[in-house]
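Down below is the structure, laid out as structure tokens.
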Amino acid sequence: MATLHTRTSARYMMAPAVLLLLAWMLIPLGMTLYFSFLRYNLLMPGMEEWTGFLNYKYFLTDPAFDDALINTLLLVGGTLLITVIGGTLLALMLDQPFFGRGIVRLMVIAPFFVMPTVSALVWKNMLMHPVYGLFAWLAKSVGLPPVDWLAQVPLLSVIMIVSWQWLPFATLILLTAMQSLDEEQKEAAEMDGAGAISRFIYIVVPHLARAITVVILIETIFLLSVFAEILVTTNGGPGTQSTNITYLVYSLALLQFDVGGASAGGIVAVILANIVAIFLIRMIGKNLDR
Amino acid sequence: MGNIRLENVKKAFGDAIVIPDLDLEIENGEFVVFVGPSGCGKSTLLRLIAGLEDVTGGKIWINGRDATGEAPASRGLAMVFQTYALYPHMSVYKNIAFPLKMAGMDKKAIDDKVRGAAETLNLTDFLHRRPGQLSGGQRQRVAIGRAIVREPKAFLFDEPLSNLDAALRVAMRLEISELHHQLKTTMIYVTHDQVEAMTMADKIVVLRAGIIEQVGSPLDLYRSPRNRFVAGFIGSPKMNFVEGDKAAKRDAYAIGIRPEHMTLSTDDGQWPGTVRVSEHLGSDTFLHVDVEGAGMMTVRSDGDVPIDHGVRVFLTPDEAKLHRFDADGKAL
Ligand SMILES: Nc1ncnc2c1ncn2[C@@H]1O[C@H](COP(=O)(O)OP(=O)(O)OP(=O)(O)O)[C@@H](O)[C@H]1O
Ligand SMILES: [Mg+2]
């Protein structure tokens, strides 16, 4: 693609695909934008009318919105923290030679292949259930009262479930990065008198910086829209304790049938996601330049 | 201070025995070069001394102390790797300062030492750069800088110049020799480059398949190789070997004669032959001659001999500089 000629023809050849993608993206976005300025409730068909920014006003001043915003940030931040730290430690472990490493690696990757709804159900009914759950049994067997996870610490429970799903992804990326670290560099550091911990801090972690950036960027995109896990486990409750923005939009549209309000929420979510993305890229994107 | 003694050192990787049994004494301040063909265990031996590999058997003494079980850091040796092994995310300054920081030295002292080393190695202008922004020769100097600030008992170099181009290799070779004269620290240097071995070493250790074939000064090895392997390995171009009746006439199974120890004539001499290839280097000419009854031989001649392909010539060996070997390859 070096000459002017090849570049021009490449542009023509890409055009249909680009146009299709644009339409795919812009039409739903445009319709959402349009609905967000309408009073549009499925319970009152045929009464749609232009309301200007009223939907936005209601959505943004709704006390549930503040909760959802905070929950979204906590969910994203908490999961990132757990997966990045846990992933680094797991990768460090899986990088060591030990018996049965192949099997263990496979098992660590496995949760990534489980559907979110399925894993949420497993966590809800088999692990966190206050009567039949494994955690409850563990607590009882050491004489503690069982915790009703989904009722008492709903957001933490959702964070745990989502982290469990994303840990393999982080581990995999970080393990690959760790394996690309030049053996001689570690040996040089060893000769320079760096112990295992210093080697980890000064050699391994800086080497992983780029991979960690990638993990954070990709996970953030997906974690901003966590939905299935909440729907299956807590339904956003109790109250709004585990409602994030995605779930709030869903409850407006399909539980309260307020399409206009939900559309406004959707647009707000898009704007928020973009703000987060800009911050992220500003903050850590410079890691990728190197 | 740095004398190193290897006593019955053995090394095996699983079933593969790389070093069967090796004894070696390295004096304080010596420049020792390990040479040998690829895969003979030079790097392995160096890594055993460094402590990056555990010995399978035997002992390693450093300054009279048994260091066999010691960690690499506590042996007080510094190593320069073939690929430099610089830390890519640290500046040159931080790279050089790293071992001092690990030793817990205070900032001021570190700064003095790093700047001193940078001065010696002409790195002052590059201190703020990352290794990725340096040329191969500069990276090599950073690696050396990182080694010298620690003031180690000995330096270990594993083919440090093999990634550099020919001109830079010569320049760095001189710099390292110069550094050795300045610091007077023991240096152990692995190479498969003849010229590096001959020019830099106080003592050359010739290895083959993990066994020491001969130890001695470069000229010792050149003048009196103990066997055919050493004779063939030291010297460039290689020594010519002749078996059969020419050797039998001199009471040997094989004789060896270096290209520079034969005289060339176009009218008469002992061994007639035909020139196949002539390499004119300007200062010298190397002629590859098909000698009757002895096969190909290389002979060195003056830079301006007007002899080319197909010319019939006569070679006469200098009998005093001829090497004789028995059937096992031992020198007689
Ligand atoms: N970690 C290892 N596991 C198994 N075998 C090894 C290992 N390291 C080296 N070897 C073997 O030991 C022998 C000596 O290797 P070594 O790297 O010391 O050779 P070398 O003399 O440095 O060669 P070169 O000049 O090519 O660098 C080789 O046959 C090699 O295959
Ligand atoms: Mg080697």
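Chains B and R, in that order, give the protein sequences. For the first sequence, this note's numbering assigns the number 1 to the initial residue and increments by one for each residue that follows. For the second sequence, this note's numbering assigns the number 1001 to the initial residue and increments by one for each residue that follows. Yeah, the Cβ is synthetic: ideal placement off N, Cα and C, and Gly gets one too.
(message) Let me make sure I understand the geometry here. Which of R:Tyr-1253, R:Gly-1036, R:Gly-1116 and R:Leu-1179 has the alpha-carbon closest to that of Ile-1211 (chain R)?
(response) Of the residues R:Tyr-1253, R:Gly-1036, R:Gly-1116 and R:Leu-1179, the one whose Cα lies closest to the Cα of Ile-1211 (chain R) is R:Gly-1036.
(request) Compute every distance between the C-beta of Val-1035 (chain R) and the non-hydrogen atoms of ligand 2, then say whether any falls below 7 Å. (result) No; taking the cut-off as 7 Å, the Cβ of Val-1035 (chain R) has no heavy atom of ligand 2 nearer than that.
(message) So Ser-225 (chain B) contacts chain D; which residues on that side make the cut at Cβ distance below 7 Å?
(response) Included in the structure are the protein chains B and R, with no chain D among them.
(request) Name the two residues that bound the continuous alpha helix (DSSP H) containing Val-162 (chain B). (result) Under the DSSP assignment, Val-162 (chain B) falls in the alpha helix (DSSP H) whose first and last residues are 154 to 179.
(request) Can you say whether Asn-274 (chain B) is buried or exposed, counting buried as having 16 or more other CB atoms within 10 angstroms of its CB? (result) Exposed, by the Cβ-count rule.
(message) Would you say Ser-198 (chain B) lies against chain R (beta-carbon separation less than 8 Å)?
(response) Chain R, which has a Cβ nearer than 8 Å to the Cβ of Ser-198 (chain B), makes this yes.
(message) By the DSSP assignment, the alpha helix (DSSP H) with Trp-24 (chain B) in it spans what residues?
(response) It spans 4 to 36 - the alpha helix (DSSP H) in which Trp-24 (chain B) sits, taken as one unbroken run.
(request) Drop a sphere of 10 angstroms on the beta-carbon of Trp-123 (chain B), count the other beta-carbons inside from all chains shown, and report buried for 16 or more, exposed for fewer. (result) Buried, since its Cβ has 16 or more Cβ neighbours within 10 Å.
(request) Could you tell me whether the Cβ of Val-1089 (chain R) comes closer than 8 Å to any Cβ of chain B? (result) The question names Val, but residue 1089 (chain R) in the sequence shown is His. Chain B contact via Cβ: present.
(message) Tell me which residue opens and which closes the alpha helix (DSSP H) that Asp-1333 (chain R) is part of.
(response) Residue 1333 (chain R) falls outside the range modelled here, since chain R spans only 1001 to 1332, and no answer is possible.
(message) Under DSSP, the alpha helix (DSSP H) around Gln-1182 (chain R) begins and ends at which residues?
(response) For Gln-1182 (chain R), the enclosing alpha helix (DSSP H) begins and ends at 1166 to 1183.
(message) Output needed for Asp-1202 (chain R): all residues of its chain with C-beta closer than 8 Å, excluding positions within five of it in sequence on either side, in chain order.
(response) Cβ contact annotation for Asp-1202 (chain R) (same chain, cutoff 8 Å, sequence separation greater than five): Glu-1030, Phe-1031, Val-1032 and Ser-1217, in chain order.
(message) Could you check whether the Cβ of Met-1079 (chain R) sits closer than 8 Å to any Cβ belonging to chain B?
(response) Closer than 8 Å: yes.
(request) Determine the direct distance from the alpha carbon of Gly-77 (chain B) to that of Asp-95 (chain B), and round the result to whole angstroms. (result) Going by the C-alpha atoms only, they are around 26 Å apart.
(message) In whole angstroms, give me the CA-to-CA distance for Ala-269 (chain B) and Pro-206 (chain B).
(response) Each residue's alpha carbon lies about 34 Å from the other.
(request) Taking Met-283 (chain B) as the query, report the chain R residues whose CB atoms sit under 7 Å from its CB, ordered along the chain. (result) The contacting residues do not exist; Met-283 (chain B) stays about 18 Å from chain R at best.
(request) Sort out for me which residues DSSP pairs Trp-1061 (chain R) with in a bridge. (result) Bridge partners of Trp-1061 (chain R): R:Arg-1005 and R:Asp-1066.
(message) Using the three-state DSSP reduction, which class does Arg-1146 (chain R) fall into: helix, strand or coil?
(response) Looking at Arg-1146 (chain R) - three-state DSSP - the assignment turns out to be helix.
(request) Answer with buried or exposed for Lys-1249 (chain R), where buried requires no fewer than 16 other C-beta atoms within 10 angstroms of its C-beta. (result) By the neighbour-count rule (16 or more Cβ atoms within 10 Å), Lys-1249 (chain R) is not buried but exposed.
(request) Using only alpha-carbon positions, find the residue among R:Cys-1040, R:Ala-1012 and R:Leu-1048 that is nearest to Arg-1005 (chain R). (result) Residue R:Leu-1048 is the option with its Cα nearest to Arg-1005 (chain R).
(request) Starting from His-207 (chain B), follow the alpha helix (DSSP H) in both directions and report where the run begins and ends. (result) Where His-207 (chain B) is concerned, the enclosing alpha helix (DSSP H) stretches over 205 to 223.
(request) Answer with buried or exposed for Leu-255 (chain B), where buried requires no fewer than 16 other C-beta atoms within 10 angstroms of its C-beta. (result) The residue is exposed, with fewer than 16 neighbouring Cβ atoms inside 10 Å.
(request) Flag Phe-1013 (chain R) as yes when its Cβ comes closer than 7 Å to any non-hydrogen atom of ligand 1, and as no otherwise. (result) It does: the Cβ of Phe-1013 (chain R) is within 7 Å (strictly closer) of some heavy atom of ligand 1.
(request) To the nearest angstrom, report how far apart Met-1296 (chain R) and Thr-1083 (chain R) are at their CA atoms. (result) Between the C-alpha atoms of Met-1296 (chain R) and Thr-1083 (chain R) there is a straight-line separation of about 38 Å.
(request) From the DSSP output, read off the bridge partner residues of Asn-55 (chain B). (result) In the DSSP output, where bridge partners are listed per residue, Asn-55 (chain B) has none listed.
(request) Note down, in chain order, each residue of its chain lying with its Cβ closer than 6 Å to the Cβ of Val-1305 (chain R), except the 5 sequence neighbours on either side. (result) Closer than 6 Å at Cβ, skipping near neighbours: Thr-1285.
(message) Measuring alpha carbon to alpha carbon, tell me which residue in R:Arg-1300, R:Arg-1324, R:Arg-1276 and R:Gly-1269 is nearest Met-1315 (chain R).
(response) The sequence given here places Leu at residue 1315 (chain R); Met does not occur at that position. Comparing Cα-Cα distances from Leu-1315 (chain R) to each of R:Arg-1300, R:Arg-1324, R:Arg-1276 and R:Gly-1269, the minimum goes to R:Gly-1269.
(message) Residues of chain B with CB closer than 7 Å to the CB of Ala-1103 (chain R), please, in chain order.
(response) Around Ala-1103 (chain R), the beta-carbon contacts reaching into chain B at under 7 Å are Gly-193.
(request) Run down chain R in chain order and give the residues with a C-beta less than 7 Å from the C-beta of Pro-206 (chain B). (result) Neighbours of Pro-206 (chain B) on chain R, chain order: His-1089.
(request) Report the three-state DSSP secondary structure of Glu-1159 (chain R) (helix, strand or coil). (result) For Glu-1159 (chain R), the secondary structure class from DSSP, reduced to helix, strand or coil, is coil.
(request) Return no unless some Cβ of chain R is closer than 8 Å to the Cβ of Ala-188 (chain B). (result) Closer than 8 Å: yes.
(request) State the CB to CB distance for the pair Arg-999 (chain R) and Asp-1267 (chain R), rounded to an integer number of angstroms; the pair is presumed to be in contact (CB under 8 Å). (result) The structure shown has nothing for residue 999 (chain R), since chain R only spans 1001 to 1332.
(message) I want to verify the contact list: residues of chain R whose CB lies under 7 Å from the CB of Gln-185 (chain B), in sequence order.
(response) Per Cβ cutoff of 7 Å: Ala-1085 and Tyr-1087.
(message) Please determine whether the Cβ atom of Glu-1159 (chain R) lies at a distance below 7 Å from any heavy atom of ligand 2.
(response) Yes, the beta carbon of Glu-1159 (chain R) sits closer than 7 Å to at least one heavy atom of ligand 2.
(message) Among R:Arg-1139, R:Leu-1086, R:Ala-1147 and R:Asp-1220, whose alpha-carbon lies nearest the alpha-carbon of Leu-1168 (chain R)?
(response) The candidate whose alpha carbon is nearest that of Leu-1168 (chain R) is R:Arg-1139.
(message) For a contact defined as C-beta to C-beta under 8 Å, what are the partners of Phe-1098 (chain R) on chain B?
(response) Correct list: Ala-189, Asp-192, Ala-194 and Tyr-202.
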